[in-house]
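Going by the UniProt record's numbering, the sequence shown wraps up at 665, each residue one higher than the last.
C-beta atoms are modelled at their ideal positions from N, C-alpha and C, and glycine is treated no differently.
Scroll down for the structure; my scribbles are underneath it.
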Amino acid sequence: MRIKDILSPDSMIMELKAKNKEDAIKEMADLEVATDIVNDEDAFIKSIWARENESTTGIGGGIAMPHARNKSINKARVLFAKSKEGIDYNSLDGQPVHLFFMITAPDGADNTHLQALAKLSGLLIDPDLVEALKNTKTPEEVIDLFEKAEAKKDEEDKKAAEAKKAKEAAKAQGTSDDDNKPLIVGVTACINGIAHTYMAQEALIKEGKKRGIEVRIETNGSEGVKDKLTPDEIKRAKGVIIASDKKVDMPRFDGKHLVNHPVVDGINKPGELIDDIMGGKADVYHASAQDKSTESSSTEKPGLWAGIYKNLMNGISHMLPFVIGGGILMAISFIVENYMGGAKTPAFIFLNNAGNLAFAFMVPVLAAYIAESIGDLPALMPGFVGGYMASIVNGQFQVNVQAHATSPAGFLGGIAAGFIAGYLMVGLKKVFAKLPRSVEGMKPMLFYPILGLLFIAAIMFYIINPIFSGINFAITHFLNGMGTGNLVLLTTILAGMMSIDMGGPFNKAAYVFASGAFANDPHSATAAILMAAVMVGGMVPPFATAIGTTFFKNKYTVEERRAGVSNWVLGFSFITEGAIPFAAADPGRVIPSCIIGSAVGGALVGLWHVGVPAPHGGLWVSPLAGNIGGPSHILFYFLATIIGSIVAGLIMSFWKKNVKEDPNE
Numbered sequence: 001m002r003i004k005d006i007l008s009p010d011s012m013i014m015e016l017k018a019k020n021k022e023d024a025i026k027e028m029a030d031l032e033v034a035t036d037i038v039n040d041e042d043a044f045i046k047s048i049w050a051r052e053n054e055s056t057t058g059i060g061g062g063i064a065m066p067h068a069r070n071k072s073i074n075k076a077r078v079l080f081a082k083s084k085e086g087i088d089y090n091s092l093d094g095q096p097v098h099l100f101f102m103i104t105a106p107d108g109a110d111n112t113h114l115q116a117l118a119k120l121s122g123l124l125i126d127p128d129l130v131e132a133l134k135n136t137k138t139p140e141e142v143i144d145l146f147e148k149a150e151a152k153k154d155e156e157d158k159k160a161a162e163a164k165k166a167k168e169a170a171k172a173q174g175t176s177d178d179d180n181k182p183l184i185v186g187v188t189a190c191i192n193g194i195a196h197t198y199m200a201q202e203a204l205i206k207e208g209k210k211r212g213i214e215v216r217i218e219t220n221g222s223e224g225v226k227d228k229l230t231p232d233e234i235k236r237a238k239g240v241i242i243a244s245d246k247k248v249d250m251p252r253f254d255g256k257h258l259v260n261h262p263v264v265d266g267i268n269k270p271g272e273l274i275d276d277i278m279g280g281k282a283d284v285y286h287a288s289a290q291d292k293s294t295e296s297s298s299t300e301k302p303g304l305w306a307g308i309y310k311n312l313m314n315g316i317s318h319m320l321p322f323v324i325g326g327g328i329l330m331a332i333s334f335i336v337e338n339y340m341g342g343a344k345t346p347a348f349i350f351l352n353n354a355g356n357l358a359f360a361f362m363v364p365v366l367a368a369y370i371a372e373s374i375g376d377l378p379a380l381m382p383g384f385v386g387g388y389m390a391s392i393v394n395g396q397f398q399v400n401v402q403a404h405a406t407s408p409a410g411f412l413g414g415i416a417a418g419f420i421a422g423y424l425m426v427g428l429k430k431v432f433a434k435l436p437r438s439v440e441g442m443k444p445m446l447f448y449p450i451l452g453l454l455f456i457a458a459i460m461f462y463i464i465n466p467i468f469s470g471i472n473f474a475i476t477h478f479l480n481g482m483g484t485g486n487l488v489l490l491t492t493i494l495a496g497m498m499s500i501d502m503g504g505p506f507n508k509a510a511y512v513f514a515s516g517a518f519a520n521d522p523h524s525a526t527a528a529i530l531m532a533a534v535m536v537g538g539m540v541p542p543f544a545t546a547i548g549t550t551f552f553k554n555k556y557t558v559e560e561r562r563a564g565v566s567n568w569v570l571g572f573s574f575i576t577e578g579a580i581p582f583a584a585a586d587p588g589r590v591i592p593s594c595i596i597g598s599a600v601g602g603a604l605v606g607l608w609h610v611g612v613p614a615p616h617g618g619l620w621v622s623p624l625a626g627n628i629g630g631p632s633h634i635l636f637y638f639l640a641t642i643i644g645s646i647v648a649g650l651i652m653s654f655w656k657k658n659v660k661e662d663p664n665e
């Protein structure tokens with residue numbers, strides 16, 4: 001799509017009557033409604049002002065770019081307006097605005113529209129074009145200027161692409177001198193991702209060319225991430241420029257000189273940002289331990305298992321709020337049932353229903369975001385439907401009719417649905433990759449959703465549900481029929497795994513196993529015991545470090561003793577990550593000690609049949625421990641945690657050497 005396709009003489013005001021910002025927005029919105037671009041003027045104006053209240057779209061240099069993207073907009077369009085006298089628009093440079101570009105994009109705007117909007121935004125960095133636009137008299141002159149500017153930009157992009165290929169070829173042959181040239185990398189992003197993202201990219205690249213510096217910018221706009229930075233580019237770069245109004249994948253820049261500014265500074269102050277990097281004024285960025293542990297695979301191409309883990313964790317991270325929120329409300333409802341009036345009280349009915357409703361979304365959300373991690377946004381809907389089909393036996397139709405199953409495919413079926421939907425969408429993208437550009441917009445709006453839904457429904461109906469419903473039933477039956485000996489072994493292993501990496505793959509695997517069993521049957525006594533085991537195992541590390549720093553002060557530094565105080569609360573709340581700084585500082589002693597203590601606590605849970613029918617909460621949900629075997633199990637839940645924590649704390653503290661700092665400091 002060309003820029004002229006989103007410009008129209010009907011959407012131009014060659015001389016605004018308005019004298020202030022409010023009237024200017026209203027005058028442009030009136031024309032949007034009159035030309036059928038907008039269907040709800042009040043909603044549209046509210047969205048424009050919502051964006052203005054976040055930060056002004058008066059970007060300086062006499063230009064303002066108010067924009068919105070929502071359901072009140074019928075089609076993608078750029079309204080052009082001029083004010084000879086200029087209007088006070090609260091611009092970043094404090095100067096009046098003469099040129100207005102009101103950008104509208106409907107919720108369903110396809111990539112071709114967004115690419116045209118991005119290109120137009122990038123062209124407005126050219127001061128010669130801006131000056132020429134100020135002197136136009138007719139709409140036709142405006143369109144002609146943009147057509148010429150676009151043709152020039154296309155030619156520049158073509159030459160740049162050819163130059164890039166030549167560089168890559170030279171590098172492959174070992175004749176490239178790129179490593180000797182200064183390189184700056186960066187990321188630009190704005191809230192709506194329509195205009196400022198690409199203007200900042202263009203401004204930084206142009207400023208770099210003026211200074212003889214290569215600048216590579218990754219954009220995070222409405223189309224998603226474009227021009228993605230490679231690990232090699234980041235490694236070679238002298239520094240990093242972040243010009244963004246939203247969250248950016250930061251851990252990959254660990255150890256690099258970095259400046260972090262709003263996106264408008266990328267547009268208006270590109271020279272200053274580049275000078276800060278080249279002049280050594282930028283601070284070195286250090287990613288936190290938590291950021292590093294959740295770093296996306298954008299910095300490095302993952303192996304097979306790393307990719308599977310990343311995709312699975314994306315689903316689990318989105319699923320956990322449903323598990324925790326729904327599970328805790330269900331847990332509170334059980335407390336109400338046990339101690340405050342029984343199953344017929346309004347409080348129990350309300351809390352239990354609310355928890356069950358959230359729980360019902362658990363498997364669909366898990367599958368949806370596994371799929372989204374693999375196949376991006378088009379895979380979300382097929383993943384969600386596949387997950388829903390895995391979570392029910394009877395709906396408006398019998399999902400498992402082929403196998404005459406008596407249980408749903410459940411948690412495992414949902415995981416399978418997510419991966420199948422994700423890779424299914426990857427396959428569809430490859431199939432349709434060579435379609436003519438004229439039908440490009442039909443892919444996300446027609447081909448992907450229809451074919452994605454059709455294929456995932458058929459696969460789930462005829463293959464996954466019949467197979468996994470049987471597997472799910474067998475696992476549930478096996479767990480519920482376990483004897484004490486096997487149960488103790490399982491709870492010991494699960495609890496010990498919680499301390500191996502304290503939030504990493506082993507920890508997550510144990511938690512997912514227990515929460516999956518709990519999700520399949522929240523009323524299962526065995527599932528409740530497994531949940532209690534992983535919570536005890538996860539509470540031991542922070543409690544152990546708190547015990548050590550309190551009673552063995554000569555073995556810990558001042559900083560560790562301070563951190564140990566907060567670990568009393570973190571341990572009580574089942575937040576294992578409180579022990580990570582201790583494990584990072586002395587992994588050879590801390591991790592084995594915690595594994596032993598967690599395993600002891602888990603073994604006691606299995607031996608005493610302590611069950612907690614809640615997926616989170618730590619000791620805060622201890623009143624629920626009476627739900628399995630009577631009220632005395634509340635005490636056993638505390639005892640398992642305390643004994644495991646003391647064992648870990650003693651081993652760790654006796655094993656550690658004395659520190660040289662004054663323990664009374």
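The distance from the Cβ of Phe468 to that of Leu412 is about 5 Å, consistent with a contact at the 8 Å cut-off. Around the beta-carbon of Arg562, fewer than 16 other beta-carbon atoms lie within 10 Å, marking it exposed. The alpha-carbon separation between Pro182 and Val600 amounts to approximately 56 Å. DSSP places Ile595 in the uninterrupted alpha helix (DSSP H) bounded by 587-608.
The straight-line gap separating the alpha-carbon atoms of Gly315 and Phe101 is approximately 39 Å. By the Cβ neighbour-count rule, Ile450 is exposed, with fewer than 16 other Cβ atoms within 10 Å of its own. Take the alpha-carbon of Ala614 and the one of Leu650: they are about 30 Å apart.
Here the region 452-469 makes no contact with the region 554-570; the two share fewer than three CB pairs at distances below 8 Å. A straight-line Cα-Cα distance of about 14 Å links Asp154 and Ala163.
When rounded, the separation of the alpha-carbon atoms in Ser373 and Phe518 is 25 Å. DSSP places Asn567 within a helical segment (H, G or I) once states are collapsed to three. Ala390 sits away from Gly375, with the two beta carbons spaced by 8 Å or more. If you draw a straight line from the Cα of Phe473 to the Cα of Ala421, it is about 23 Å long.
Inclusion of Leu99 and Lys134 in the CB contact set at 8 Å is warranted, their separation being smaller than that value.
Counting only residues of its own chain and dropping the five nearest sequence neighbours on each side, Gly496 has a CB closer than 7 Å to the CB of Gly537, Ile595, Ser598, Ala599, Gly602. Secondary structure note for Ser244: its beta strand (DSSP E) is the uninterrupted segment 239-244.
Under a 10 Å Cβ-count criterion, Ser622 is classified as buried, with 16 or more other Cβ atoms of the shown protein chains found around its own Cβ. For Asp249, the closest alpha carbon among the candidates Ala50, Thr641, Asn220, Asn311 is that of Asn220. In the DSSP assignment, Arg236 falls within the unbroken alpha helix (DSSP H) covering 231-236. Gly571 and Gly470 have their alpha carbons spaced roughly 38 Å apart.
When the Cα atoms are used, Glu272 and Tyr369 turn out to be separated by approximately 40 Å.
Scanning the region 335-372 for uninterrupted alpha helix (DSSP H) segments of 4 residues or longer gives 346-360, listed from N- to C-terminal end. Bridge pairing for Gly60: Ile63 [DSSP].
Just measuring C-alpha positions, the residue of Leu7, Glu140, Ala200 sitting nearest Gly60 is Ala200. Burial of Val336 is indicated by the presence of at least 16 other C-beta atoms within 10 angstroms of its C-beta.
Here Gly578 is buried. Its C-beta has 16 or more other C-beta atoms within 10 Å. Per the C-alpha coordinates, the member of Ile217, Leu31, Asp144, Leu487 positioned closest to Ile3 is Asp144. For Pro106, the three-state secondary structure derived from DSSP is strand. Under a 10 Å Cβ-count criterion, Met340 is classified as exposed, with fewer than 16 other Cβ atoms of the shown protein chains found around its own Cβ. At a Cβ-Cβ threshold of 8 Å, Gly427 and Met381 do not count as neighbours. For Thr188, the enclosing beta strand (DSSP E) begins and ends at 183-189.
For Asn53, the secondary structure class from DSSP, reduced to helix, strand or coil, is helix. The C-beta distance from Val185 to Ala237 rounds to 4 Å, short enough to fall under 8 Å. Distances from the alpha-carbon of Pro262 to those of Ala243, Leu366, Ile48 put Ala243 closest. Cα atoms of Ile63 and Asn567: separation of roughly 53 Å, rounded to the nearest angstrom. The C-beta of Phe253 has 16 or more other C-beta atoms within 10 Å across all chains shown, which makes the residue buried.
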